[in-house]
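The numbers in our numbering rise by one with no breaks, and the one at position 10 of the sequence shown is 94.
We put the beta carbon where it would ideally sit given N, CA and C, even for glycine.
A quick write-up on the structure given underneath.
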Amino acid sequence: MASTELKQSFKLEKTIESVYTGGKVCVSRDLTKIFTTLGEDILVTDYTTGQKLAELKGESDIITAFAVKPDGRHLVAASRSLIIKVWELENYTLVRSFKAHEAPVLTMEIDESSTLVATGSADSTVKVWDIDGGFATHNFRGHGGVISALKFFRPEKSKSANQIWLASGSADCTVRVWDLATSKCRGAMESHTSVIRGLDFSVDGKLLISGSRDKVANIWSTKDYKLIKSIPVYEALESVGFVCHGTLDSLIEHADSRTLFYTGGETGLLKIWDVKTGKPVHEQKKTAKVHPLTELLYIGQHHLFVTITHDHNIIFFSGKENLRLIKQVVGHTEEIVDLKYVGSEEYLAVASNSEQIRLYNTETQNCTIIDGHTDMVVCLASRTADGLLASGSKDHTARVWKVDVVSQPPTVQCLAICSGHAEAVSTLALSCRLDYRTLLVTGSQDRTIKMWDLTLAADDSSLKSIYTFQAHDKEINTVSFSPSDRFFATGSHDKTAKLWNTEDGSLVGTFKGHKRGVWSVMFSPTEPLLATASGDKTIKLWNVSDLTCVKTFEGHTNSVLSVLFLSGGRQLMSSGSDGLVKLWDIKTNQCSSTLDNHTEKVWALTNTPDETRVVSGAADATISFWKDHTQEENDLRREETEERILKEQELANRLHAKDYVGAFRLCLALQHPGKLLHLLGVIAESRAQDDKSVTGDPRVDDIFATMDMERVKQVLEYIKVWNTNGRHAHLAQNVLHLILRHKDASDLNEVPGVKEILTALIPYTQRHYAKLDQLITQSFLIDYTLEAMDQA
């Protein structure tokens, strides 16, 4: 149940943003991190939570290849600048860089010992580098085209620690195997007719497999480097490799006694093949829409297959669980046009400039793709309580989905397809009440409203509307049901909002007053009020009973695109084209808080039923999660107040006990300049006759010797104010004298603003010490300090 306490503070808790824009993907061996190319940078993402851990900056150069050490300590990256950079992954710092080739590095491979990295370049050469030393150990020439694939292998029975093989594939359609111990080519293999895209050695090293875009996988003997078998795979390959024993035991009969390999390519499906028979033994089932694979990773230690699709999705399958999908990361998110919680407070449905709906687990950022529409989805509606989700699309239809988030991954069933609009379905809403029939209202760019009874969809998924009518003179942007479902409201580009009777669709009234189109309407959950957000930069609150405007909220600098009620109808939250989210107090008409994390239009707002979180989605492809911190801040303020009261009492006790040192420190901690000045006066009046201290108490003088520079600046600010009054200027000058005596000019120079304060004190020093012998000493001390600060 939503809290009715007024909210004062929301803080950004986390975001969902683009993590991959094409190129290389790596997963750490311990399965804790995902490494992806994001534009010119490399992004490090937490595998479990999906949150960004680090961003390795590429300095305006496109990343062409990168690899992560098997031990997880370093990442090696190459860019179009021809520079290789080595990043330390504990603190994400750049440790070394060096020039690699005369042309960009296009592929990279690190050996199992995490000491060597091989780079394949567009200059047709292969080089091997000592990662920690940053120097080349080998330079292999022989290919006649761009190097497109690399693979290390260390023979288990090798007598030499340096006995390592390196296989390389090229656009010249050849495969070569190099011996790092002798720096010679062990074998050159020709059979393919297109670029080599994948290489792998069998566990025992006796076999080498190569995959090409010529739709063939070749099996070679590493004894004589002769072709053993050429297996047609019927698709242009992007990845190929052998499968470790134990990975597919539950899926393929006698898997342990068979030599299996995997392929991935243009069909977008992971396939498993038997080397002996040359036949496929398993193929993933084809879903509604399959995108070609750009890469396929196999993590043998965890028996995982990771497919990277052409539309930038990263999908994890468990080989031990019949290739069950266990995680999907959406790499690139486009403009967010709408979002709604569905099924529970853990799942968020997102429409993002695509015909697909993305269902995010907000805790892990694992994503389920909902296919069905044939054109861009532009609006969503949901009922969290029963897992209903409705979507409207540019394909002129609305669809109603049943989302079951209990099963893992969540299952989604299409319950109804609502066809009939002549143009895009631009807005829709589900009825609120669960104890009555379930209604769906849709609004379209064709200016019509249609009402649908979803209880009639039990036997036929294709529904017919209950009624249809033209609602506005221009396209309809928004629709919303009242809490009782008795009415619904619409808003349009024609600058009006309208109230309709749900039962028969009759017009109840029109809300006129906005100067631009109405983008969002929302009923108050407790009062007969309707909020409207408009392109005229305002939000208006209307009395539903008499259609009058009750309040107008101004503060956005551009169109207001979305509005919702919070705190039992006592507050509003809005978002706009200015990239801001604002919280409003309805009673005072004031903006309580402004949330800023977007750079473009914030199209969508939604909140959890208990209102502990608000989510905003924007055209900058960012989803921001804002957590209500009002209670935490109230608790903190209460604790601070209680602590201050205790310190005030302690200060009074110390003054009474004439503990001037303790009282002085408390005055500084409490930031009480008035009480501090009074205390200095008390100390001065209690000075003993033989006391030579500046303040009247040598123990107080000693405080300035150990005072940190932030405290020094604080006291100097007090002195500047005290100096303006001749009655206590001498106390201020005494304190200033102590600061300048104990603090070096170099230390003072480190604190911003100190020099300006000292300069401002000079005229007051001269004025108040005009009749005293100390004038010369004090003025000289300030001038000397300022001069030393200039020199420093």
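Handout entry: Segment limits, alpha helix (DSSP H) that includes GLN449
Key = It is not in any alpha helix (DSSP H) - GLN449 carries neither H nor E in the DSSP assignment.
Problem - Cβ distance (whole Å) where LEU234 is taken to contact LEU283 below 8 Å - result: 7 Å
Exercise for the section: Determine the burial state of TYR551: buried for a count of at least 16 other Cβ atoms within 10 Å of its Cβ, exposed for fewer. Expected result: exposed
Problem - Cβ separation of GLY603 and SER643, assumed to be a contact under 8 Å, to the nearest whole Å - result: Here the sequence assigns Trp to residue 603, which means Gly is not the residue at that position. At roughly 7 Å, the Cβ-Cβ gap stays under 8 Å, so TRP603 and SER643 are in contact.
Handout entry: Reduced DSSP secondary structure (H/G/I, E/B, other) of ARG442
Key = strand
Practice task
In the DSSP assignment, find the beta strand (DSSP E) that holds TYR309 and state where it starts and stops.
Solution key: From DSSP, TYR309 is part of no beta strand (DSSP E); its letter is neither H nor E.
Exercise for the section: Would you decide whether THR522 is buried or exposed? Buried here means 16 or more other CB atoms lie within 10 Å of its CB. Expected result: buried
Practice task
Could you please give the first and the last residue of the uninterrupted beta strand (DSSP E) stretch that includes ASN175?
Solution key: Note, ASN175: premise wrong, no beta strand (DSSP E); not H, not E.
Practice task
Taking the CB atoms as reference points, tell me whether GLY663 and HIS640 lie closer together than 7 Å.
Solution key: no
Practice task
Identify which residue in ALA617, HIS386, THR632 and ASP256 has its Cα closest to the Cα of THR209.
Solution key: ASP256
Exercise for the section: Report the rounded CA-to-CA distance for LYS776 versus VAL784, giving the unit in angstroms. Expected result: 12 Å
Exercise for the section: Taking only the alpha-carbon atoms, compute the straight-line gap between ASN437 and SER629 and give it to the nearest angstrom. Expected result: 38 Å
Problem - Short Cβ contact (7 Å threshold) for ASP569 with THR586 - result: yes
Exercise for the section: Could you please give me the residues that DSSP links to TYR431 through a beta bridge? Expected result: ASN445
Exercise for the section: Can you give me the Cβ contacts of GLN135 inside the same chain, cut-off strictly under 8 Å, excluding the 5 residues immediately before and after it? Expected result: LYS98, THR129 and GLN449
Practice task
Could you round the C-beta distance between LEU614 and VAL605 to whole angstroms and report it? I think they count as a contact, below 8 Å.
Solution key: 6 Å
Problem - Rounded distance between the beta-carbons of TYR431 and THR417, thought under 8 Å - result: Contact doesn't hold; Cβ gap of about 16 Å is too wide.
Exercise for the section: Scan the stretch 118-142 and note each continuous beta strand (DSSP E) run of 3 residues or more that stays entirely inside, going in chain order. Expected result: 125-130 and 136-140
Problem - contact_flag[the stretch 703-722, the stretch 486-502] where n(CB pairs < 8 Å) is 3 or more - result: no
Problem - Start and end residues, alpha helix (DSSP H) containing MET793 - result: 793-806
Exercise for the section: Tell me whether VAL805 is buried or exposed, calling it buried when 16 or more other Cβ atoms sit within 10 Å of its Cβ. Expected result: exposed
Exercise for the section: Assign GLN554 to one of three DSSP states: helix, strand, or coil. Expected result: strand
Handout entry: C-beta atoms of THR177 and ALA162 nearer than 7 Å
Key = no
Exercise for the section: Look up VAL390 in the DSSP assignment and give the residues it is bridged to. Expected result: LEU381 and PHE400
Practice task
Within the same chain, show all residues whose beta-carbon is closer than 8 Å to that of SER232, passing over the 5 residues directly before and after it, in chain order.
Solution key: LEU190, THR191, GLY204, GLY253, SER254, ALA255, VAL279, ILE280 and ARG281
Problem - C-beta neighbour in chain D for VAL835, strict 7 Å - result: Judged by its chain identifiers, the structure shown contains no chain D, having just a single protein chain.
Exercise for the section: Give the DSSP-derived three-state secondary structure of GLU367 in the structure shown. Expected result: strand
Practice task
Use the C-beta contact count for LEU717: other C-beta atoms within 10 angstroms, 16 or more gives buried, fewer gives exposed.
Solution key: Checking the sequence, you will find Glu at residue 717 rather than Leu. Under this definition GLU717 is an exposed residue.
Handout entry: Proximity of LEU514 and LEU547 at Cβ, strictly below 7 Å
Key = no
Problem - CA nearest to the CA of SER700, picked from HIS713, THR526 and ASP680 - result: ASP680
Problem - Candidates HIS812, TRP249 and ALA482: closest to GLY758 by CA position - result: HIS812
Exercise for the section: Let me know the secondary structure DSSP gives PRO188 once reduced to three states. Expected result: coil
Handout entry: Residue(s) in a DSSP beta bridge with LYS424
Key = ALA433
Exercise for the section: Go ahead and label GLU193 buried or exposed: buried means 16 or more other beta carbons lie within 10 angstroms of its beta carbon, across all protein chains shown. Expected result: buried
Practice task
Since I believe ILE248 is in contact with ARG238 (beta carbons under 8 Å), could you give me their beta-carbon distance rounded to a whole number of angstroms?
Solution key: 5 Å
Exercise for the section: Put LEU625 into one of helix, strand or coil per three-state DSSP. Expected result: strand
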